[in-house]
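Novice:
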Amino acid sequence: MQPKAWKRCVWLVAALLGAPVPAQAQVAGGAPAAGPATGPATAPASKAAAFQYRVAMDDPERHEFALELGFSDIPGNSVDLQLPKWNPGAYRLTEAHRNLRGVVVETPAGKPVPVVKVDEITWRVSHAGQPFRVKYRVYRGSYNGIAGAYLDDEFGFWNGVYLFLYAVGHKDRPIDLKIEDAPGQGAQVITALPRSGSSKSYRAANYDVLVDSPVHAGKVDLIPFAVGKTKFRVAMAGIGNYSEKKIIADLTKIAQATFAVFGDGPDAVPFDDYTFIYHLRPGNRAGLEHLNSTVIGAEPFVFSEPEGYRNLLRLSAHELFHAWNVKRIRPTVLGPFAYEREVHTSMLWFSEGFTRYYGWVLLARAGISDEADALSYLAETIRKLQESPGRKTMTVEQASWETWLKPEDAGNSYVDYYGKGMLIAAVLDLEIRRISGGQRSVDTVMRELWARHLRLGTGLGPAELEQIFVAQGGAAGTEISDLFRRYVHGFDEIDYNRHLGLAGYRVEQSQGESGGDIEATITERPGDLAAVLDLVRADGPAEKAGLSNGDVLVAIDGLKVTARDAPKQIKAMAGGSKHTFTLLRGPRMLTKTVVPVTAAVTQYKVSSLASVSYEQKLTRQAWLGFVAQTAAAPGSNDQLREAALRLFTTDPTVVEDAAPTTTPASGAKGKKTKKAKKPAKAK
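The sequence shown runs 618 to 1300 under our numbering.
1) What does a CB cutoff of less than 7 angstroms around Pro1024 pick up in its chain, not counting 5 residues either side in sequence?
2) Which word fits Gln1089, buried or exposed, when buried means at least 16 other C-beta atoms lie within 10 angstroms of its C-beta?
3) Measure the alpha-carbon distance for Ala707 versus Thr1210 and round it to whole angstroms.
4) Taking Gly925 as the reference, which of His680, Phe1086, Ile985 and Trp775 has the closest Cα?
5) Output needed for Phe971: all residues of its chain with C-beta closer than 7 angstroms, excluding positions within five of it in sequence on either side, in chain order.
6) Where does Phe849 fall in DSSP's three states?
7) To the nearest whole angstrom, what separates the beta carbons of Val1223 and Tyr1122, a pair I think is in contact under 8 angstroms?
8) Excluding the 5 residues flanking Glu1096 on each side, which residues of the same chain have their C-beta closer than 8 angstroms to its C-beta?
9) Could you name each continuous alpha helix (DSSP H) segment of 4 residues or more that falls completely within the segment 954-1033, going from the start of the chain to the end?
10) Could you tell me which of Gly1163, Ser1165 and His1116 sits nearest to Thr1236, measuring between CA atoms?
11) What residue range does the beta strand (DSSP E) around Phe749 cover?
12) Considering only C-alpha positions, which residue in the set Arg1057, Pro677, Gly1078 and Phe749 is nearest to Val800?
13) With C-beta atoms as the reference, is Ala804 less than 7 angstroms away from Gly835?
14) Could you check where the beta strand (DSSP E) with Tyr1104 kicks off and where it finishes?
15) Which of helix, strand or coil does DSSP assign to Tyr767?
16) Hey, which unbroken runs of the beta strand (DSSP E) at 3 residues or more fall wholly within the segment 1174-1239?
17) Taking 8 angstroms as the threshold, find out whether the segment 1002-1021 comes into contact with the segment 1193-1204 through three or more Cβ pairs.
18) When the Cα atoms are used, what is the spatial distance from Glu771 to Arg1069?
19) Sort out for me which residues DSSP pairs Trp703 with in a bridge.
20) How many Å lie between Arg898 and Ala854 at the Cα?
21) So which of Ser1005, Thr949, Gly1163 and Asp987 has the shortest CA-CA distance to Leu1207?
22) Are Ala1216 and Thr1179 close, meaning C-beta to C-beta below 7 angstroms?
23) Could you give the DSSP three-state label for His833: helix, strand or coil?
24) Which whole-angstrom value is the C-beta distance of Ala821 and Val696, which I expect to be below 8 angstroms?
25) Find the nearest neighbour of Phe1108 within the set Ser963, Arg671, Tyr859 and Thr1010, judged by alpha-carbon distance.
26) Is it right to say Ile856 is buried, meaning 16 or more other beta carbons lie within 10 angstroms of its own, or is it exposed?
27) Please report the distance separating the alpha-carbon of Asp881 from that of Asp793.
28) To the nearest whole angstrom, what separates the beta carbons of Met674 and Asp798, a pair I think is in contact under 8 angstroms?
29) Where does Pro1213 land, buried or exposed, given buried means 16+ other C-beta within 10 angstroms?
30) Among Leu698, Leu930, Leu1040 and Lys862, which one has its Cα closest to the Cα of Lys734?
31) Helix, strand or coil: how does DSSP classify Leu1170 here?
32) Going straight from the alpha carbon of Ala809 to that of Ser910, what length do you get?
33) Would you mind reading off the limits of the alpha helix (DSSP H) that contains Glu681?
34) Kindly indicate which residue of Ala991, Gly719, Asn858 and Ala877 has the alpha-carbon position closest to the one of Met1063.
35) Where Asp598 and Arg973 are concerned, what is the direct C-alpha to C-alpha distance, given to the nearest angstrom?
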């Protein structure tokens, strides 16, 4: 069938059925679909001579990195050198300055140059306009996860903010990095930075790129693969029961599904290569995004545990998606970075919450999670939010802002912007699909944001972000504004059944096994198994009896308890009975009478409606890729509708519609811009 004839057929069938017209046949206003505008994504690097940075790991048993930094062509008589206070993506202070020692500054000929420490992160060098080099050592003796730095005789690893000083006012200068003495036999240096000259040298376009490119130096299992023209590397550091073939297959599916969100064209991917670094260590379960790489912690033998492995893949998809959302599509304050202070934003519910959403959605669309797995994860996310008292006292915007230093009683007063942000993403996705008849979605919002980044290369604020969502609603944009008012700016409970019902789903609640409950969370004190009241719920039996956060529970009804047996004893209590709790509060021993309630664990389940309409079926497949099994009405033989359905479900993972571009307030047309430059390829 000729293309024009096919389109006419689709229009006819759609008109007969009242179904949405395919995106390639129509866009808003009937205008032809246009690809995203392109333009420079980053400012060009400085043409001044590169600073010279050198890292040596010749004394790994002492856990000390040896640093030498060479600076030149800095005008004036003095310059401040600073060590960052925080690591982008990990919103907490590092206190890295306490491990930097032995700062010496000298000329290239070895003559001393005056240096004085001004404050905890700043050293002032009086260089009199001459080149100088700075030598110091950095102690990193405790492995504190994938966001930190560590050195021993097995490997060296660092996020650059823990090691590298920068010259204030000159962070745009390029940097040549030389890495020497990687520990361990057969060690390799793994980083997303491109090589520069020798095998030990790398080039960063500026300081931001340097510290956004972590380095692992040690023995790894290196697994290369490609998705189209984009090269990927997986570096497995540690022993694990992974299958290289399966890792490649699964990450390939995730990358393909991610590329499709952003149009799957030549401008969809912002990098030529991408590096996954996995630290296989017991207790490791976190990840941190970087410009074109990520470091992910994983349990060594999680690969044979189906749900554990899916969680690892969700995290991998999450960190890969961050290469677009937060590394490039970002709040204005997150780049160029201010490293000398905390940087607050109210938009982490979007930057992190929507990224978690896509970590979930992408596994479904890629066929890695089946429907039962996907719905189970969604139900668990709902459960965690509904059991969080903080959802009633703090908005996701405020939680984003306060992430640097959460309240001491965070369990009672703080809401998780990751989880609630994911659920808000699902709501907006389904509602935009409903409003637009399936022609727009959160995918098209992300494309609009991506086109904006390619066009402008700048961050955006919360008002502009909301307006882009509202624009996707078209004439019904006020409905999107109302969702923002209720769920983003306010405290309204999410109407799960209303929104999930658009895809033929519902949330079911049931009561599990019941028992005594004092509404307090008990944790184990390290070293002695003591039972610590980590979180006493507001207005619960424990609080009413006078128990407080931080109390150490010594005995119940005269019997000594530990963190392991106290919950069992509490669960065995009858509701309304009285019990004596002996506890330590600081140096004081107190006795309180607690009256437990009978409580049952509320279980949440997301399931399909008994009867799913064709519209719900189409939405479900376009949203998650799942096909609802719908029985035809008695005596029905609607061949025309079934033919139309096949037309609309050919490839549900690809949205052909180009995102509408937000028109500037002046109504002026945007200038034609050049294609965004991609980071240099790492070798």
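Yeah, the Cβ is synthetic: ideal placement off N, Cα and C, and Gly gets one too.
Specialist: The short version:
1) Ser1030 and Tyr1031
2) By the 16-neighbour rule on beta-carbons within 10 angstroms, Gln1089 is buried.
3) If you take the alpha carbons of Ala707 and Thr1210, they lie about 42 angstroms apart.
4) Ile985
5) Asn942, Gly1038 and Ala1042
6) strand
7) 6 angstroms
8) Glu1048, Ile1052 and Gly1090
9) 965-968, 970-982, 988-1003, 1013-1018 and 1027-1030
10) His1116
11) Note, Phe749: beta strand (DSSP E), Phe749 to Tyr756.
12) It is worth fixing the name first, because residue 800 is Pro in this sequence and not Val. The residue with the shortest Cα to Cα distance from Pro800 is Pro677.
13) yes
14) No beta strand (DSSP E) holds Tyr1104; DSSP gives it neither H nor E.
15) In this structure, DSSP gives Tyr767 an extended state, which the three-state scheme calls strand.
16) 1196-1202, 1205-1211 and 1214-1225
17) no
18) Looking at the two C-alpha atoms, the distance is approximately 44 angstroms.
19) Leu710
20) 9 angstroms
21) Gly1163
22) no
23) strand
24) Actually they are not in contact, since the Cβ atoms of Ala821 and Val696 sit about 19 angstroms apart, beyond 8 angstroms.
25) Thr1010
26) exposed
27) 34 angstroms
28) 5 angstroms
29) So Pro1213 counts as buried.
30) Leu698
31) Here Leu1170 sits in strand by DSSP.
32) Looking at the two C-alpha atoms, the distance is approximately 6 angstroms.
33) Here Glu681 belongs to no alpha helix (DSSP H); instead the beta strand (DSSP E) covers Glu681 to Phe688.
34) Nearest option by C-alpha distance: Ala877.
35) Because residue 598 is not part of the residues shown, which for the chain are 618 to 1300, the question remains open.
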